[in-house]
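Engineer:
Numbering (my numbering), first residue to last: 2 to 674.
Here is the structure:
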């Protein structure tokens, strides 16, 4: 066996090969070993050692002062022993040169006596890992005189840190690592009497907060690694002493404490990029933490007297006015700029106007069409679907507007909750509404084109059942593509405006490209169909009214608004999906507010206000006791009106088949969008 240098004696409790008799021995006075899986206790050693001593390990009772007399020992390691159950008092006591104790992978070690560690002036590292102990070992009688690292980790049965737990541990700086235990509570004054250098509480999933007085009595606290899944990072009145804050994997740390609490902070390593936005535009003056500046401030403020500062004082004054930026990681990326949801004040105003118009306008149209007394025809049914889709778009814009106001100037504190919950709902609304609207608009156009083009045929009209079947397919399609980002095909959490902008993987990229190509194809179909409709009604053999010009203007407006909506969005989105973005996320919000709702919100009158809309609207109001006289007028006109084309010599006659087609074709044109 290779031997360690003569300055290092080690105790190793290892899983042996199973020699049959548990034995412990010194090897050339350099290494003390106990090799047997049946070792259950640290044995009692002789104070006189001559050469190699062999100590049988027969009794089950643990003896005190196990290492008494080993004055030269520098390192003790107890490792990989599943049978060791207890460590009694004075086992690690009065060992002047001992600098390291390692106790790990002792899965059945449940008890360490409160006097097990005493008077170890050279001890600088104590590791307790992967044990079954239920209480933090008492370490306040170690009295080390060197910088000390206490590493207690992966002990899931330790639930509580009591007050004054580390008092007397060391007279120098102390690094305390309590990560990945089962901590649920840390009492006030727990770190009293320590010169606390580093503190790591990460991995304690059930530890939700620290009391305000937890660091009371600690002389310093320049470095803090807070625990994972924590809501409130630490007692806020002690944050002013922290120079470096680490909050990696702190997934439940959703809000940053008030910035004025971090008076000495110069570096932060956090979990979420949005939290770094809190420090992005925040600078501190040296006077917050520089001792010279603090003294100079007191000097200048004494009795309100103005002093004539010499050059040295001028230097100090210049130093104290210097601003210091906080270094923060991870930095916000291009998808998460440090700004509010809307970013621009103009957009913040416009989105309210557009969203309210979209919600109110489409809601009125939907209720008017769906509750009208007249028969629910195919055009009316399709208009109901279109109004509902556009209503969902308005709801999405309204959700964005409300959240923008709620998080104004502090979006970084609400970004996590918004992206985890709200963004999925808002994103689903907008994708579902967008695709349902495009699908419905395309089907309406094709239905009009088919009806007008084949008006002379008996089966030239789309039947109501056929329309319902087609729209069921559309609803299923819109629902499917809207729910895919919730299942990791792209993501609504990528940006604050909840659009699926994640293109990191091929499926995500294919998803975005598929939707874009589909929307462009729909626009081409709509444009071509409207042009064909206009050519048809302008044909000389078609009996038409003098409304051709109005029809042409309406078609032009519809095609223009669709183009104005689709062109910029498609262009910039395609470039971004190919990973060559031409605009930033901030600029894309302009498209969201000004271009995206063009064919949904501002064009409600153009889309839905056909010649029968006033009648449907007033009849709807009459159900709530409003405008009853006007509604009655419309009811009377409807019941008494007889189509003049069907009158002959004062009697009603059926219209000829030759005139039936064109007459039907011209009336529904008023329903076009």
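Glycine residues also receive a C-beta, built at the ideal position from the N, C-alpha and C atoms.
Going straight from the alpha carbon of residue 427 to that of residue 280, what length do you get?
Structural biologist: C-alpha separation (whole angstroms): 28 angstroms.
Engineer: Is DSSP giving residue 167 helix, strand or coil here?
Structural biologist: It is coil, neither helix nor strand.
Engineer: Say whether the segment 484-491 touches the segment 406-416, bearing in mind that this needs 3 or more beta-carbon pairs closer than 8 angstroms, one atom from each stretch.
Structural biologist: No: the two stretches stay apart, fewer than three of their Cβ pairs being nearer than 8 angstroms.
Engineer: Using three-state DSSP, classify residue 320 as helix, strand or coil.
Structural biologist: Because residue 320 carries a pLDDT of 49, less than 50, the predicted location of this residue cannot be relied on, and the following value inherits that uncertainty. Note: residue 320 maps to helix in three-state DSSP.
Engineer: How about residue 437 and residue 475: are their beta carbons less than 8 angstroms apart?
Structural biologist: Yes.
Engineer: Return helix, strand or coil for residue 158, following the three-state DSSP convention.
Structural biologist: Of the three classes helix, strand and coil, the one that applies to residue 158 here is coil, per DSSP.
Engineer: For the structure I just gave you, are there three or more beta carbon pairs, one from the segment 94-102 and one from the segment 120-133, closer than 8 angstroms?
Structural biologist: These segments touch.
Engineer: Determine the extent of the beta strand (DSSP E) in which residue 126 is found, giving its start and end residues.
Structural biologist: Counting along the chain, the beta strand (DSSP E) containing residue 126 begins and ends at 126-132.
Engineer: Buried or exposed: which applies to residue 506, given that a residue is buried once 16 or more other Cβ atoms fall within 10 Å of its Cβ?
Structural biologist: Exposed, because fewer than 16 other Cβ atoms sit within 10 Å of the Cβ of residue 506.
Engineer: Could you check if residue 381 is buried or exposed, using at least 16 other CB atoms within 10 Å of its CB as the buried criterion?
Structural biologist: Label assigned to residue 381: buried.
Engineer: Does residue 646 come out as helix, strand or coil in the three-state DSSP assignment?
Structural biologist: Any answer about residue 646 is weak, because its pLDDT of 41 lies below 50 and its placement is not dependable; what the coordinates show is given next. Three-state result, residue 646: helix.
Engineer: Would you call residue 300 buried or exposed, if buried means 16 or more other Cβ atoms sit within 10 Å of its Cβ?
Structural biologist: Residue placement at residue 300 is flagged as unreliable, the pLDDT there being 45, under the threshold of 50; a coordinate-derived value is accordingly withheld.
Engineer: How is residue 73 classed by DSSP in three states: helix, strand or coil?
Structural biologist: Residue state, collapsed to three classes: coil.
Engineer: Should residue 532 be labelled buried (16 or more other beta-carbon atoms within 10 Å of its own) or exposed?
Structural biologist: Exposed, by the Cβ-count rule.
Engineer: Use the C-beta contact count for residue 182: other C-beta atoms within 10 angstroms, 16 or more gives buried, fewer gives exposed.
Structural biologist: With 16 or more other Cβ atoms within 10 Å, it is buried.
Engineer: Can you tell me where the alpha helix (DSSP H) with residue 466 in it begins and where it stops?
Structural biologist: Looking at the DSSP string, the run of the alpha helix (DSSP H) that includes residue 466 is 465-484.
Engineer: What residue range is occupied by the uninterrupted alpha helix (DSSP H) comprising residue 425?
Structural biologist: 424-454 is the extent of the alpha helix (DSSP H) around residue 425.
Engineer: Quick check: the Cα distance between residue 504 and residue 491, rounded to an integer number of angstroms?
Structural biologist: Going by the C-alpha atoms only, they are around 6 angstroms apart.
Engineer: Find the nearest neighbour of residue 591 within the set 377, 351 and 431, judged by alpha-carbon distance.
Structural biologist: Of 377, 351 and 431, the residue nearest in Cα terms is 351.
Engineer: Which value, in whole angstroms, describes the spacing of the CA atoms of residue 146 and residue 264?
Structural biologist: Computed Cα separation, rounded: 31 angstroms.
Engineer: Kindly confirm or deny that the segment 395-409 and the segment 429-449 touch, where touching means at least three C-beta pairs closer than 8 angstroms.
Structural biologist: Touching, yes, given that three or more Cβ pairs across the two stretches are closer than 8 angstroms.
Engineer: Within its chain, find whatever has a CB closer than 7 angstroms to the CB of residue 136; leave out the 5 residues flanking it on each side and keep chain order.
Structural biologist: Here the set comprises 159.
Engineer: Less than 8 angstroms between the CB atoms is what I'm expecting for residue 530 and residue 585, so what's the real figure, rounded?
Structural biologist: Rounded, the Cβ-Cβ distance is 36 angstroms, inconsistent with contact.
Engineer: Of the choices 218, 185 and 332, whose alpha-carbon is the least far from that of residue 202?
Structural biologist: Residue 185 is the option with its Cα nearest to residue 202.
Engineer: When you compare the CB positions of residue 342 and residue 498, do they come within less than 8 angstroms of one another, or not?
Structural biologist: Going by C-beta atoms, residue 342 is nearer than 8 angstroms to residue 498.
Engineer: Return yes when the Cβ of residue 208 is within less than 8 angstroms of the Cβ of residue 177, no when it is not.
Structural biologist: No, Cβ-Cβ distance for residue 177 and residue 208 is not below 8 angstroms.
Engineer: Looking at the C-beta of residue 506, does it have a partner C-beta in chain D at a distance below 8 angstroms?
Structural biologist: Here there is only one protein chain, and chain D is not present.
Engineer: Using DSSP bridges, identify the partner residues of residue 153.
Structural biologist: Per DSSP, 129.
Engineer: Since residue 248 contacts residue 379 with CB under 8 angstroms, what's their CB separation in whole angstroms?
Structural biologist: About 59 angstroms separates the two Cβ atoms, so there is no contact after all.
Engineer: Just how far apart, CA to CA, sit residue 404 and residue 501?
Structural biologist: Their backbone Cα atoms lie some 18 angstroms apart in a straight line.
Engineer: Using CA atoms only, rank isn't needed, just tell me which of 206, 581, 84 and 114 is closest to residue 155.
Structural biologist: Nearest option by C-alpha distance: 206.
Engineer: Taking DSSP's pairing of strands, which residues face residue 269 in a bridge?
Structural biologist: Answer by DSSP bridge pairing, in chain order: 246 and 329.
Engineer: Alpha carbon to alpha carbon, how far is residue 525 from residue 268? Give it in angstroms, no decimals.
Structural biologist: Distance between the alpha carbons of residue 268 and residue 525: 54 angstroms.
Engineer: Please list, in chain order, all residues of the same chain as residue 114 whose beta carbon is under 6 angstroms from its beta carbon, the five residues on each side excluded.
Structural biologist: Contacts found: 89 and 90.
Engineer: What is the rounded straight-line gap between the Cα of residue 472 and the Cα of residue 457?
Structural biologist: Roughly 26 angstroms separates the two Cα atoms.
Engineer: Within 10 Å of its beta-carbon, does residue 97 have 16 or more other beta-carbons around it, so buried, or fewer, so exposed?
Structural biologist: When all chains shown are included, residue 97 counts as exposed.
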